[in-house]
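Note sheet for the following structure.
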Amino acid sequence: MAKKNIVITLRISIADITPPIWRRIVVDGDLSLRALHHIIQAAFGWTDAHLHEFRVEGRTYSMLDNEHVLEGSYDSDEEMFDDRKGKLNRLLYTGQRFTYQYDFGDSWQHEIHVEKIEQRPEPMGSAYIIDGKRACPPEDVGGIGGYDDFLTTLRDEPKSQEAKDYLRWVGGSFDAEAFDQRMANATLLRMAWNGWGRK
Numbered sequence: 138m139a140k141k142n143i144v145i146t147l148r149i150s151i152a153d154i155t156p157p158i159w160r161r162i163v164v165d166g167d168l169s170l171r172a173l174h175h176i177i178q179a180a181f182g183w184t185d186a187h188l189h190e191f192r193v194e195g196r197t198y199s200m201l202d203n204e205h206v207l208e209g210s211y212d213s214d215e216e217m218f219d220d221r222k223g224k225l226n227r228l229l230y231t232g233q234r235f236t237y238q239y240d241f242g243d244s245w246q247h248e249i250h251v252e253k254i255e256q257r258p259e260p261m262g263s264a265y266i267i268d269g270k271r272a273c274p275p276e277d278v279g280g281i282g283g284y285d286d287f288l289t290t291l292r293d294e295p296k297s298q299e300a301k302d303y304l305r306w307v308g309g310s311f312d313a314e315a316f317d318q319r320m321a322n323a324t325l326l327r328m329a330w331n332g333w334g335r336k
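Numbering (the working numbering), first residue to last: 138 to 336.
Here's what the structure looks like:
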């Protein structure tokens with residue numbers, strides 16, 4: 138009997154930011170939550186410099202192979218599960234909503250909606266971004282409040298020393314409305330070729 142190849146369409150947005158920063162991504166169902174973490178990092182433009190966790194149906198899936206995980210803000214009685222062992226095709230269903238948190242200091246909460254689950258004759262072999270809007274905030278900007286201050290300074294006081302310092306810090310320029318879907322998909326394709334996140 139032929140293996141069923143499950144493909145899942147996810148809409149992922151960063152919580153509490155207006156206008157929204159979001160991506161619509163199609164992924165193979167046999168991937169782990171850890172692989173989805175790497176896909177989200179590439180799709181949004183994060184640099185994978187911080188810890189992360191998923192909350193799915195009341196369970197926390199985290200990086201149990203990382204010694205710093207237990208230093209996060211967890212209840213001592215809360216059971217955590219290994220995100221390398223949580224397979225998407227076993228955990229997710231159409232219409233489901235779950236969360237992904239990246240960087241426990243800045244606390245970037247991502248809301249994930251499972252839009253569609255379908256079978257295909259062949260596996261995709263990689264993730265693919267169908268659509269998306271707006272740039273990812275800079276790493277370590279200070280969460281939602283810090284990002285708002287960052288954008289307000291660049292918009293209202295573009296010639297100030299603070300604005301110049303911000304721009305130097307982010308590499309010279311920043312366009313909050315920009316999202317290069319082609320470049321993000323190229324990154325995902327390179328990840329697939331290298332087998333990144335499948336181990």
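C-beta atoms are modelled at their ideal positions from N, C-alpha and C, and glycine is treated no differently.
Would a C-beta distance cut-off of 8 Å place residue i and residue j closer than the cut-off?
{"i": "V193", "j": "Y265", "result": "no"}
{"i": "I281", "j": "D153", "result": "yes"}
{"i": "F241", "j": "L188", "result": "yes"}
{"i": "G279", "j": "D243", "result": "yes"}
Using CA coordinates, which residue listed in the options is at the minimum distance from residue i?
{"i": "H247", "options": "W183, A300, A313", "result": "W183"}
{"i": "F235", "options": "P260, Q256, N142, I151", "result": "I151"}
{"i": "K224", "options": "R160, I143, Q318, A329", "result": "I143"}
{"i": "L288", "options": "A313, G195, V307, M261", "result": "A313"}
{"i": "I249", "options": "L304, D219, T231, A329", "result": "T231"}
{"i": "D220", "options": "R161, T197, I158", "result": "T197"}
Assign residue i to one of two classes, buried (16 or more other C-beta atoms within 10 Å of its C-beta) or exposed (fewer than that).
{"i": "M320", "result": "exposed"}
{"i": "G309", "result": "exposed"}
{"i": "S199", "result": "buried"}
{"i": "A186", "result": "exposed"}
{"i": "Q178", "result": "buried"}
{"i": "P295", "result": "exposed"}
{"i": "A180", "result": "buried"}
{"i": "A315", "result": "exposed"}
Per DSSP, what kind of secondary structure is residue i in: helix, strand or coil?
{"i": "S210", "result": "With a pLDDT of only 48 at S210, under the threshold of 50, the placement of this residue in the model should not be trusted, and no figure is reported."}
{"i": "W245", "result": "strand"}
{"i": "T290", "result": "helix"}
{"i": "D185", "result": "coil"}
{"i": "N203", "result": "coil"}
{"i": "E216", "result": "coil"}
{"i": "T318", "result": "Checking the sequence, you will find Gln at residue 318 rather than Thr. Helix."}
{"i": "Y230", "result": "coil"}
{"i": "K253", "result": "strand"}
Under the criterion of a Cβ to heavy atom distance below 7 Å, does residue i qualify as lining the ligand GTP?
{"i": "D268", "result": "Only the bare structure without any ligand can be found here, which leaves the ligand GTP out of the picture."}
Under the DSSP definition of a beta bridge, which residues are partnered with residue i?
{"i": "S169", "result": "K224"}
{"i": "W159", "result": "S150, K270"}
{"i": "F191", "result": "Y198, Y237"}
Do we get a CB-CB distance below 8 Å when we pair residue i with the residues of chain C?
{"i": "L201", "result": "Absent from the structure is chain C; it holds one protein chain and no more."}
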